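Protein chains in written order, with this note's numbering: chain A, 1 to 389; chain B, 390 to 572.
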């Protein structure tokens, strides 16, 4: 290293040069090739996320008309959402690596338009990084941030898609010029980079395959033997099923369970003890429980058809329900259920799971199980069913 | 500028606006300043820490493969071969990518192992599984590198040559295999 005389030091500092990037493939063709896959992943995450949001918080007119088929709809939706998010980790990092030298563009700002473009890219990059980070940590139920995960993940999804569309519009000519191997822009790049680029893309593809293969088993049964890094394993849980929130975490008091009676509030209100419920006609259904956090598993449920309980209370066929749980901690202690779920023949007030009485963690004395519904709405420890107007 | 481009850009601005409105109006008090700090933090963590580390790893890899010739500096190729390509360079880079991404996904699991009161959250031994996957990645990388090593390739070529000199049908079959020019 050359010695710099002290007198020349300030001049050297003012001539501080941006870093040079000698590595190859920081080029638009590589960015386009990775960006296409990343864009597709963002789109899948967005669409599945919006569907999940609608199922959880249906807008007024939809509440009674949500589809209950296919029974595995939510399982597929949420499995895709989380698996695609995890698969996007290598894609996002590869994309950002490709365009990283542009961070040091000289001059940093060339005018108002350029400043706005750079600002929109900053929003795009930070919202993409944060969405994947928040989502991944949510799947391990880790919340080190001061805001609500649900509110922020939902709002940032729109910010991310908006910034992405704007980015696509700004970069459209460059994307078109490098869309394929034979596009005019691609031909202007050094030809000897092509094998190296293919090799890099193969490596990124291998990373996508690897992170997917070792996590997707938490919802995709054929990959279950490879489930090594997923936060859940469908075989780990009481009665062969994982639990989102235990009875202790939900602060379900043993005394409340001991004196439990189901109350149904409707035109002809009534109460039933657990033995009385068990003497009503029992139905068996095989339905998946699919958590918003991306794990799912099928199980055999046994109990009373919700529709039978509603008929007994004289509830109208188009009535919505409010379901109240013994749960005292956490959200979802009180949930609402639209008429399409309430009247579906597969929707049960379940008393038994996989051939045995429900365990405390799975919602003893009784819980809701309905087809094509987010797991957080499959209310456990049901205490009261209210028929709403 | 085409109409489609304008429509896409306008839709993007509209969605950005809607997301911004959700953040301001539909979140609890104090969310926006907290989130802005986290968004800047995400940029600093990636652009200031993770990306430089990856670039450093890339530079070390190129140095290890001794491909720092004039071609790498000026962007001018070295005549037909990939600048750093050939041999096992791409395989090792792929192995590092796979191992690095597996590690990123594994870190939250390892950090939170045993923290939950719910035993069905993080029920596996994530450190052991992570090490197993790294070992597997290493093994596959070594195996694929060996397949690309010049010595192995030479033996493969010798085998091909030996097959080519076999009399009769085998010889004809080898000859008849169509050879499409590349590029």
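Heads up, the beta-carbon is just placed ideally off N, CA and C, and yes, glycines get one too.
What you are looking at is a predicted structure, and each value in this text was computed from that prediction instead of being measured.
Can you tell me the Cα-Cα spacing of residue 448 of chain B and residue 131 of chain A, whole angstroms? 29 Å
Just confirm the distance between the C-beta atoms of residue 228 of chain A and residue 513 of chain B, as a whole number of angstroms; I'd bet it's less than 8 Å. 7 Å
Extent of the continuous beta strand (DSSP E) run through residue 301 of chain A: 296-305
Looking at the secondary structure, which residues open and close the beta strand (DSSP E) in which residue 284 of chain A lies? 283-290
If distances are taken between C-alpha atoms only, which option among A:25, A:93, A:88, A:74 comes closest to residue 434 of chain B? A:93
Given that a residue counts as buried once 16 or more other Cβ atoms are within 10 Å of its Cβ, and exposed if not, what is residue 233 of chain A? buried
Could you list which residues in chain B have their beta carbon closer than 9 Å to that of residue 233 of chain A, in chain order? 509, 512, 513
Starting from residue 440 of chain B, trace the alpha helix (DSSP H) in both directions and tell me its first and last residue. 440-453
Just the C-alpha distance for residue 84 of chain A and residue 119 of chain A, rounded to the nearest angstrom, thanks. 27 Å
List, in chain order, every chain A residue whose beta-carbon is nearer than 7 Å to that of residue 440 of chain B. 96, 97, 100
According to DSSP, residue 322 of chain A sits in a beta bridge with which residue or residues? A:336, A:386
Take residue 421 of chain B and list the residues in its own chain whose beta-carbon comes closer than 7 Å to its own, dropping the five residues that flank it on each side. 412, 413
With 8 Å set as the bound, which would you pick, yes or no: does the beta-carbon of residue 434 of chain A sit closer than that to a beta-carbon of chain B? Outside the shown range of chain A (1 to 389) lies residue 434 of chain A, about which nothing can therefore be said.
Let me see if you follow: with CB-CB separation under 8 Å, is residue 405 of chain B close to chain A or not? yes
Going by other Cβ atoms of all chains shown within 10 Å of its Cβ, with 16 needed for buried, is residue 110 of chain A buried or exposed? exposed
Close Cβ partners of residue 87 of chain A (< 7 Å) along its chain, the five nearest in sequence each way excluded: 41, 208, 211, 212
How many Å lie between residue 471 of chain B and residue 199 of chain A at the Cα? Only weak support exists for where residue 471 of chain B lies, its pLDDT of 46 falling under 50; the value from the coordinates is given anyway. One C-alpha to the other measures close to 10 Å.
Does the region 483-498 of chain B touch the region 177-195 of chain A, meaning 3 or more C-beta pairs lie closer than 8 Å? no
In chain B, which residues lie less than 9 Å from residue 89 of chain A when you measure between Cβ atoms? 490, 493, 494
Relative to the alpha-carbon of residue 278 of chain A, which residue among A:145, A:292, A:293, A:302 has its alpha-carbon at the smallest distance? A:302
Would you call residue 193 of chain A buried or exposed, if buried means 16 or more other Cβ atoms sit within 10 Å of its Cβ? buried
Roughly how many whole angstroms lie between the Cα atoms of residue 150 of chain A and residue 134 of chain A? 10 Å
Compute the distance between the beta-carbons of residue 262 of chain A and residue 271 of chain A, then report whether it is under 8 Å. yes
Residue range of the beta strand (DSSP E) that includes residue 270 of chain A: 270-272
Any beta carbon of chain A sitting closer than 8 Å to that of residue 539 of chain B? no
Nonlocal neighbours in the same chain, by C-beta distance under 8 Å from residue 463 of chain B, ignoring five residues either side: Its pLDDT being 38, under 50, residue 463 of chain B is placed unreliably by the model, and the measurement read from it follows with that caveat. Within the same chain, residue 463 of chain B has no close Cβ partners at all.
Could you check whether the Cβ of residue 165 of chain A sits closer than 8 Å to any Cβ belonging to chain B? yes
Inter-residue Cα distance where the pair is residue 477 of chain A and residue 351 of chain A: Nothing can be reported for residue 477 of chain A: it is not among the residues displayed for chain A, which extend from 1 to 389.
Out of B:450, B:540, B:439, state which residue places its alpha-carbon closest to the alpha-carbon of residue 485 of chain B. B:450
With a threshold of 8 Å between beta carbons, is residue 242 of chain A in contact with chain B? yes
Kindly indicate if chain A contains any beta-carbon less than 8 Å away from that of residue 476 of chain B. no
Please decide whether residue 104 of chain A counts as near chain B, where near means a Cβ-Cβ distance under 8 Å. no
Which runs of the alpha helix (DSSP H) spanning at least 4 residues fall entirely within the region 27-74 of chain A, listed in chain order? 28-56
Residues of its chain near residue 441 of chain A, where Cβ-Cβ distance is below 8 Å and the 5 sequence neighbours each way are ignored: Since the first and last residues shown for chain A are 1 and 389, residue 441 of chain A lies out of range.
Quick one: grab the DSSP three-state call for residue 229 of chain A. coil
Measure the C-alpha to C-alpha separation of residue 162 of chain A and residue 369 of chain A and round it to an integer number of angstroms. 36 Å
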